[in-house]
Amino acid sequence: METLQYRFERGDKRLASAARLVGVVSSGNLEVLIEAAPLGGACTIDVTTAATGFGAIWGAVMHDFQQRWQLADVRIAINDMGATPAVVSLRLDQAVATMLGEA
Amino acid sequence: MDWTTLADALFPLGHRITEHAQFLSGTADVAGPDGAPAATIAVIGTTGHAPIGVEIALAQARAVLDTVRAHPRRAILLLVDTQGQRLRHRDEMLGINSYMAHLGKCVDLARRNGHAIVGLVYDQALSGGFITSGLMADACYALPAATIRVMGLPAMARITKVPEDVLTELAKSNPVFAPGPENYLRMGGLQAIWDGDLAQHVAQALHAAPSGDARAALGWQRGGRKLAQPVIDAIAGDGHVQTA
Amino acid sequence: MTAPNRAWNTLQLNRDARLQRARATLGADLAGKALPSARIADLLHAVLECGDRVCLEGNNQKQADFLGQALAGLDPARINGLHMLQSVLALPEHLDVFERGVAAKLDFSFSGPQAGRVAKLVAAGKLDIGAIHTYLELFSRYFVDLPPRVCLIAAEAADRHGNLYTGPNTEDTPPIVEATAFKNGIVIVQVNRIVDTLPRVDVPGDWVDFVVESPQPYYIEPLFTRDPALISEIQVLMAMMAIKGIYAEYQVERLNHGIGFDTAAIELLLPTYAASLGLQGKIGRHWALNPHPALIPAIEAGFVESVHSFGSELGMEDYIRARPDVFAVGADGSMRSNRALCQAAGHYACDMFIGSTLQIDLQGNSSTATLGRISGFGGAPNMGADARGRRHASPAWLKAGAQARAGRNVIPRGQKLVVQIVETFREHMQPAFVERLDAWELAEQAKMAIPPVMIYGDDVTHILTEEGIANLLLCRSDEEREQAIRGVAGYTPVGLARDKRMVENLRDRGIVTRAEDLGIDKRLATRDLLAAKTMKDLVRASGGLYNPPKRFRNW
Amino acid sequence: MRSYLESTARERLQHVLDAGSFEEFIGPAQRIVSPHLAQLNAPVAFDDGVAVGRATLDGQPVFAAAQEGGFMGGAVGEVHGAKLTGLLRRALAERPAAVLLLLETGGVRLHEANAGLIAVSEVMRAVLDVREAGIPVLVLVGGSNGAFGGMGIVARCANAIVMSEEARLAMSGPEVIETANGVEEFDSRDRALVWRTTGGKHRYLLGDCQAIVPDTVAAFRAAAIATLAALGAGPAALSVDALEREHAMLAERIARFGAMRDPLEIWRALGVPAPERVPLLEIDAFIAAAAAHRLGES
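Protein chains in written order, with this note's numbering: chain W, 20 to 122; chain G, 24 to 267; chain V, -6 to 548; chain C, 65 to 362.
Printed below as a string of structure tokens:
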């Protein structure tokens, strides 16, 4: 297992509702726990993944995710079982959409 | 272990246990507490590492039901020696889980009808064969040389894809993988391991059978399962898990 | 001038000698052309000669498995050094013949399940590979320089005269028999049963020498069955992009689909998503395709007008029989397939091939070769190649050709659409895009003349991933081509190394197209779009006519 | 029509129970994960693969749990099992109208085998405690992993089971039996045989489940409401009489069918018309065909 941590400062989109869990820790899939937290305007993402050695790819996927949403005061935790970047991005977007009441 | 040797050690006052195709049933005399008169108890179990198929599960259930109907409040000792559920297509076709559940329910019914129920793993206890017998008792005990497990480490390694030597190493320190009664003791699955005078142990156990399922609490006290009881308490109580 | 004393009929004489030996060996056990299965080894020992070229029928679907087992069990002291000709090495006994020394040389096309063992036997010096072919090449060589002395084939049934019914799974049989029978070779066939009257005659009896009723029906693999339950949301998204970005864009009417879940997803989106775009009757009308169960909903919706097949597919027999307007069906009602003709059809009569692959390099070359496995090609290279001999026009062919030639002073012609559809990462985070194909290393290991490329980059017109579509027809330089590929390679190292500014420029020019550029909302890419989500749904769609193999059921 | 089989545990809770009514006990944000998986280098899940809580069903207060088959096959570990046991014990105090267990599980989680085995037995006893308190327990099985092992036993300790045709209810997985006794004993790749032997239709015909539904969450919801209404008429607790009836049924099952080799023979012996067509029947047609022939109490 490998843990990766990301912190993006100065977002502008806050999410109000209670913590949500999206996705499942199954082969090629992941779960995303997303919750509001006082982080001084930052968005943090903690990843625990069964697929080791893909830090650079995670970094790029997380960067693009934050580019899309500009989240502020949001804490995200991920348990991953070898999901591809496409699936990771999809789940993250679903998690945000769920918080926004769009799903 | 030969069940007759065991029975002689457990019941010096005498017993009338018979074996039919690995199924044990009968009665035995057990001394009362502090010199009180001996009492007759029912003995039900299996021997020869019996695979638990539909017939033997049903036979045990029959013996339990008969005891409940004919001998109210008579204590029951469940003798456990099984290699687990029988691994046959026929058993699955006939719904073996229903037979095992039926056995479990019969034991539970007996408990609710005032029968003290004690389990004893005297040789081998594996997964499905154990769960509806010894693990359904008020309290389950084991002999020191008993084997208790869900499956062997090689098979576990194959299924979990964790290398066997890693499992073997972890098993030394973690009761959660390794076979053996002391691990089940630490996790609360066993009330105690019996050394020495078995007759005395069985007499005491029958008289001191706990009411209610305190295994998670025992596992917490003994350090073998540190989270089960806190999780149960958290759900029943304020919703927050107090970890040690 | 004529050569003095030159005998011109040595093959005939040799054939007569073999038949004579067989008759002598089998004696009264030979009834006409039929012999008991217990005597198959005696027959083979009698008719075979050391070093013979032997064609054993077997492809990715049906297998002459009984004859294959018999061959593998021969005494290598009596029969050895055989030169095997085979479409596909699928069964363990196909390699046992080499392991045991009965055979020594191999010309073949594909060895999927046995690819690892092939590589080991080559390394051990027990197997000498002549060449790895595509199906069409291999069949062609049977007629030119590799005619079999003996062929071992499989048929559904034979009559007393040796006439054969090969039925829906005719597949490779016709060219094998023809190449053998008309070069004085010996044709031996295993049949599931011998009957008085055949439903129809697929191979005339006078081309057949020996018939044996095998103890078990021949083995057949349901290779083209994909359980819709296993199609992912990402595959649905890619299928939407394929339909809107390529099928609709080029009005693709005649096509071939490669095998896999990506293309199964497209098939299952035709009656739903494609229909909602008004594409029925405009795309996907005529197919060179095995009878994919996933195509049933599109057939039932009237989307698909005709299907010509390489082989059949287990469980589809009754459905095919009930849809004779769509499939190639004989007067008896059952399907007839023909791999050689369907390969030609896929090559010349289709406007598009779309299929998956394992690796794509920066030139667009694609390969399914991986280290330690000599797997070969099968049919994909013939499907996934521009048919340079094609002369008839169609809108899709013309548009592709026009895009490739725009701005260049060359004579107009069309081009086949060759689309590679891949997710950027395969299982276990293996990137589908690489700087250098594993095929290079495999070629070095196995001492091949050239790296085993499945589809050459200069034939590939589009690469479709979940990140977008790269239209290589529109690229005007090697650099553009490379950046277009990097532009759809997502988070793979190849994709991360793209020149972002240049990729945005390519996007402006329509060379790289994202889902949103096509007006596709990714959130709508759910499994609910699939016309069938389970095998049971396929059975329902077929009106109960499709009977899936046992391994695909959950009922 | 949302598929129950394709839904996650949480989606099942959302759609089987009254919309928006589910209130989770120790939800994923508390991150109570398995203490045993990390040392095996196996991933954890924030809910350890099960969600438990209270909700309403058709306006009635109920407790509910749903196992996530995607995470370790829904297998029961220490925390997972304790969540189920905790829910059942809390039910004794709060006395909901019923407890619903949406099971999808391979049984004991081998990564924490000993703890899982004890945990399953704790769940079993807790289920029977809830029944003894007069609260019916209803099991729904409709996930692709079925309900196997100790949890297959737990299921049969409930008052009633609702299954889909695609669901399986059994003890040992076919792969385990094949590994132990050979492919001739049980060909695990012959999925038609696997489902004939362990699937919803066979269980329904034998009387091991009380209702069979098409694979939609709506159908499971409707069946759960209807089954609970039917259960309301009788006692929830075990009784000697009920167990004697069950005993007789199980004994007769061995006597009538014990020598048979394939479930098809059983269906034929039951008098089900065209038994070989049974797997192909849609659920309504199947229920109609089975009505006069199926065993057990509904």
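From the three backbone atoms N, C-alpha and C, an ideal C-beta is built for every residue, glycine too.
Taking any Cβ of chain W, which residues in the region 462 to 484 of chain V have a Cβ under 8 Å from it, in chain order?
Gly483, Tyr484
Just checking my contact of Ser508(V) with Lys515(V) at CB under 8 Å: how many whole Å lie between their CB atoms?
According to the sequence shown, residue 508(V) is Ala rather than Ser. The beta-carbon distance between Ala508(V) and Lys515(V), rounded to whole angstroms, is 6 Å. This is short enough to meet the 8 Å contact definition.
Could you pull out every residue in the same chain whose Cβ sits closer than 6 Å to the Cβ of Met65(C), ignoring the five residues on either side in sequence?
The residues are Thr280.
Indicate the three-state DSSP secondary structure (helix, strand or coil) for Ala161(C) in the structure shown.
Note: Ala161(C) maps to coil in three-state DSSP.
Please state the DSSP three-state secondary structure of Trp88(W).
DSSP places Trp88(W) in helix when its eight states are reduced to three.
Option nearest Leu19(V) by Cα separation, candidates Arg11(V), Arg32(V), Asp9(V), Ala10(V):
Arg32(V)
Any idea if Val382(V) is buried or exposed, counting beta-carbon neighbours within 10 angstroms, 16 or more meaning buried?
Reading the sequence as shown, one finds Gly at residue 382(V) and not Val. By the C-beta density criterion, Gly382(V) is exposed, having fewer than 16 other C-beta atoms within 10 angstroms.
Nearest-angstrom Cβ-Cβ length linking Gly145(C) and Gly216(C), presumed shorter than 8 Å:
Gly145(C) to Gly216(C), Cβ: 15 Å. No contact.
When you compare each of Asp220(V), Lys409(V), Ser368(V) to His385(V) by their alpha carbons, which one comes out closest?
Lys409(V)
How big is the Cα-Cα spacing for Gly277(V) and Leu248(V)?
7 Å
Which residues bound the beta strand (DSSP E) around Trp280(V)?
279 to 281
Please confirm if the region 100 to 119 of chain G is in contact with the region 65 to 74 of chain G, defined as three or more CB-CB distances below 8 Å between the two stretches.
yes
What do you reckon, are the CB atoms on Leu49(V) and Leu60(V) nearer than 8 Å?
yes
Thinking just about the alpha-carbon of each residue, which of Glu248(C), Arg358(C), Gln124(C) is nearest to the one in Ala83(C)?
Per the Cα distances, Gln124(C).
Looking at the unbroken beta strand (DSSP E) that takes in Thr90(G), where does it start and where does it end?
Premise fails: Thr90(G) lies in the alpha helix (DSSP H), 77 to 93, not in any beta strand (DSSP E).
Leu167(C) bridges to which residues according to DSSP?
Val205(C)
Among the candidates Val107(W), Ala91(W), Trp88(W), Thr103(W), whose CA atom is the shortest distance from the CA of Ile97(W)?
Closest by alpha carbon: Val107(W).
Give me the Cα-Cα distance between Val184(C) and Glu316(C), rounded to the nearest whole angstrom.
29 Å
Could you tell me whether the Cβ atoms of Leu23(W) and Trp88(W) are closer together than 8 Å?
no
Count the other C-beta atoms from every protein chain shown that fall within 10 angstroms of the C-beta of Lys440(V), then say buried if there are 16 or more, exposed otherwise.
exposed
In chain order, what residues of the same chain lie with their CB nearer than 8 Å to the CB of Ile236(V), ignoring the 5 residues before and after it?
Leaving aside the five residues that flank Ile236(V) on each side, the residues in its chain whose CB is nearer than 8 Å to its CB run, in chain order, Ile259, Leu262, Leu263, Tyr266, Ala267, Leu270, Leu272, Ile276.
Which residues of chain W have a Cβ atom closer than 8 Å to the Cβ of Phe254(V), listed in chain order?
Per Cβ cutoff of 8 Å: no residues; Phe254(V) is ~13 Å from chain W at best.
Please tell me whether Met422(V) has its Cβ less than 8 Å away from any Cβ of chain W.
yes
So for Thr70(G), helix, strand or coil by DSSP?
coil
Using a threshold of 8 Å, state whether the C-beta atoms of Phe23(V) and Asn177(V) are closer than that.
Checking the sequence, you will find Leu at residue 23(V) rather than Phe. Not closer than 8 Å, so no.
My output table needs one value for Gly74(W): the three-state DSSP class, helix, strand or coil.
helix
Is the beta carbon of Val240(C) closer than 8 Å to that of Phe284(C)?
no
DSSP beta-bridge partners of Ile140(G)
Ile99(G)
Helix, strand or coil for Ile351(C)? Go by DSSP, reduced to three states.
helix
Beta carbon of Trp259(C) nearer than 8 Å to that of Trp548(V):
yes
How big is the Cα-Cα spacing for Ala244(C) and Leu110(G)?
If you take the alpha carbons of Ala244(C) and Leu110(G), they lie about 7 Å apart.
Tyr539(V) (DSSP reduced to helix, strand or coil):
coil
Contacts of Ala69(W) in chain C (Cβ-Cβ under 7 Å)
Within 7 Å Cβ-Cβ: Pro107.
Under 9 Å by beta carbon: chain C residues contacting Leu52(W)
Pro92, Ala93, Arg95, Phe110
Is Arg33(W) close to chain V, meaning its C-beta is less than 8 Å from at least one C-beta of that chain?
no
Closer than 8 Å to chain C by CB, Trp200(V):
Residue contact with chain C for Trp200(V): absent (no Cβ-Cβ distance below 8 Å to any residue of chain C).
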